[in-house]
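**Q**
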Amino acid sequence: MSHYLHNFAEARKVVLPCLYLPPGMSQAAKPRKKKADDGESFAHKLSRSMMRVNPHLLPSVERAVDKACRNLKMSRSHVHAFVTPELEGISAVCYNSCDKPVIVFGPQIIELMSEDELCFVAGHELGHFLLPEAHLHDDDSSEGRIYSRAAELSMDRIGTVACGDPKAACNASMKLMCGLREPHLRTDVAAFLADARESFDGDFHRHEERSTHPPAQIRLWSIVQFSLSDAYLSTQGKTGGTPVGQINLTIGKKMSEHVDGLALKESAESVLMAKAWLYCLCLSHGHDPDLQILNEVGPAVETERLRKAWDSLGGFKDDQLKEHAHKRMTKAAETAFQRAPNLTRQFFTFVSEQSHFAAVRHLISL
Ligand SMILES: [Zn+2]
2 MSHYLHNFAE ARKVVLPCLY LPPGMSQAAK PRKKKADDGE SFAHKLSRSM
52 MRVNPHLLPS VERAVDKACR NLKMSRSHVH AFVTPELEGI SAVCYNSCDK
102 PVIVFGPQII ELMSEDELCF VAGHELGHFL LPEAHLHDDD SSEGRIYSRA
152 AELSMDRIGT VACGDPKAAC NASMKLMCGL REPHLRTDVA AFLADARESF
202 DGDFHRHEER STHPPAQIRL WSIVQFSLSD AYLSTQGKTG GTPVGQINLT
252 IGKKMSEHVD GLALKESAES VLMAKAWLYC LCLSHGHDPD LQILNEVGPA
302 VETERLRKAW DSLGGFKDDQ LKEHAHKRMT KAAETAFQRA PNLTRQFFTF
352 VSEQSHFAAV RHLISL
């Protein structure tokens, strides 16, 4: 565990069971290196232009942050919280580069939420700091955005644990979606989910795939699912509930059906093409790779694809064949690194470590 997280050991025990990773794309998670910036001095700098959350000036916000800290087993003195109108829209953020969490609320989100709902928001933001495993791969690629959306679902779980009230967590999601509160909004979870079933009819929409956050309806549905899990119930001192692993599979299926499907397919497709050209590169060097070894990491490539790739090189011989196979493998690997950096890195690291691919290892640069 990175050094700065030692100060949050109790909280880590609470949040680790909340981690949700996209199915089939996970790997042993190692939190990032030690945080670089000093949270105290960063917060001191912010306090010159933003109002610090404290019991005298912002008592309701203080109560929400304090409750989140208590339920997440963090010392309130380790958390810096501010409010500023500079933060536009209905939003809150967590500065993640410091050794202590620094969260900032915009005024609109405070106006919109009850105390427990704001506690959910505070817990969600604190989760971004407490659970770096959720952010290991969320770069700006289609694969990275799949991880990012999964991370948001993990954070909603941490928010739910923080407020100890799944209904408040659901209300917050509905309010974030419409920007309204009672009496205009009736926070009717069943009615909201019924409406969601009509909106999410299996059609894919590109802009959803490009978003780093999942649609509100799926977020709310995922909170309801999590509230039924053994992981959530144990935070409430209760036993029983559905194993969280099983709930993760259900959520993964839903995300894939409604949001991640195309991106998952494209990520896998790019790795499959890299595999096919690696296979051709091996053949051009007189080595016939074992399909089982080729498929030990990443999506399974089928013989038909390998045959087609090899046939397309039919016009070349000897050095020319080697050169063309190498060119196409390099191009395919570049595309795969762009679309699915994590999966591609895993695959090529595996290839570079296997003696089975020794014949072409010198041609692969990671
Ligand atoms: Zn978030």
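Here the sequence shown is numbered in our numbering, starting from 2 and rising by one per residue.
Beta carbons are placed, not taken as given, at the ideal position from N, Cα and C, and that holds for glycine.
Every value quoted in this text rests on a predicted model; they were computed, and no experiment measured them.
According to DSSP, is residue 51 part of a helix, a strand, or is it coil?
**A** coil
**Q** Sorted by chain position, which residues of the same chain lie with C-beta nearer than 6 Å to residue 188's C-beta, five sequence neighbours on each side aside?
**A** 172 and 175
**Q** Can you list every residue whose CB sits closer than 6 Å to some heavy atom of ligand 1, going in chain order?
**A** 125, 129, 153 and 156
**Q** For residue 359, does the three-state DSSP call read helix, strand or coil?
**A** Looking at residue 359 - three-state DSSP - the assignment turns out to be coil, as it is neither helix nor strand.
**Q** Kindly give me the distance between the Cβ atoms of residue 147 and residue 275, rounded to whole angstroms, as I take these residues to be in contact under 8 Å.
**A** That pair is no contact at about 18 Å.
**Q** Looking at the structure shown, is residue 104 part of a helix, part of a strand, or coil, going by DSSP?
**A** strand
**Q** Does the distance between the C-beta of residue 171 and the nearest non-hydrogen atom of ligand 3 fall short of 7 Å?
**A** The model depicted lacks ligand 3 and carries ligand 1 instead.
**Q** Would DSSP call residue 259 helix, strand or coil?
**A** helix
**Q** If residue 47 sits next to residue 83, beta carbons under 8 Å apart, how far is it from one beta carbon to the other, in whole angstroms?
**A** Residue 47 to residue 83, Cβ: 6 Å. Contact.
**Q** On the three-state DSSP scale, how would you describe residue 190?
**A** helix
**Q** Does the region 99-113 come close enough to the region 143-157 to have 3 or more Cβ pairs within less than 8 Å?
**A** no
**Q** So, do the region 288-295 and the region 327-347 have three or more beta carbon pairs nearer to each other than 8 Å?
**A** no
**Q** Go ahead and label residue 55 buried or exposed: buried means 16 or more other beta carbons lie within 10 angstroms of its beta carbon, across all protein chains shown.
**A** exposed
**Q** Tell me whether the beta-carbon of residue 21 lies closer than 8 Å to the beta-carbon of residue 158.
**A** Yes. Within cutoff.
**Q** Is it buried or exposed, residue 118, if we count other Cβ atoms within 10 angstroms and call 16 or more buried?
**A** buried
**Q** Give the single residue among 280, 324 and 331 whose Cα lies nearest to the Cα of residue 307.
**A** Per the C-alpha coordinates, the member of 280, 324 and 331 positioned closest to residue 307 is 280.
**Q** Roughly how far, in whole angstroms, is the beta-carbon of residue 116 from the beta-carbon of residue 64, given that I think they are within contact range, below 8 Å?
**A** 6 Å
**Q** In chain order, what residues of the same chain lie with their CB nearer than 6 Å to the CB of residue 1, ignoring the 5 residues before and after it?
**A** Only positions 2 to 367 of the chain appear in the structure, and residue 1 is not among them; the question remains open.
**Q** Near residue 2, which residues of its chain fall below 6 Å by C-beta distance, leaving aside the five closest residues on each side in sequence?
**A** Any reading at residue 2 is ruled out, since the residue's pLDDT is 48, under 50, leaving its predicted position unreliable.
**Q** How do the region 291-301 and the region 348-356 stand: do at least 3 beta-carbon pairs fall below 8 Å, yes or no?
**A** yes
**Q** In whole angstroms, give me the CA-to-CA distance for residue 121 and residue 169.
**A** The straight-line gap from Cα to Cα measures roughly 7 Å.
**Q** Would you grab the beta carbon distance between residue 178 and residue 219 for me? Rounded to a whole angstrom, and I think it's under 8 Å.
**A** That pair is no contact at about 11 Å.
**Q** Rounded to the nearest angstrom, how far is the Cβ of residue 161 from that of residue 235, given a contact under 8 Å?
**A** 13 Å between Cβ atoms; not a contact.
**Q** Closest to residue 13 by CA distance: which of 76, 273 and 37 is it?
**A** 76
**Q** Can you tell me where the beta strand (DSSP E) with residue 96 in it begins and where it stops?
**A** 93-96
**Q** Does residue 38 come out as helix, strand or coil in the three-state DSSP assignment?
**A** strand
**Q** Taking only runs of the alpha helix (DSSP H) that begin and end inside the region 141-222, which ones reach a length of at least 4 residues, in chain order?
**A** 143-164, 167-179, 190-200 and 207-210
**Q** List the residues that DSSP assigns as beta-bridge partners of residue 230.
**A** 243
**Q** Could you work out which residue in 366, 292 and 328 is closest to residue 357 when comparing CA atoms only?
**A** 292
**Q** Let me know the secondary structure DSSP gives residue 83 once reduced to three states.
**A** strand
**Q** Do residue 136 and residue 151 have their beta-carbon atoms positioned less than 8 Å apart in this structure?
**A** no
**Q** If we require 4 or more residues per run, which alpha helix (DSSP H) segments fall completely within the region 252-299?
**A** 262-285 and 292-295
**Q** What are the residues that DSSP puts in a beta bridge with residue 99?
**A** 38
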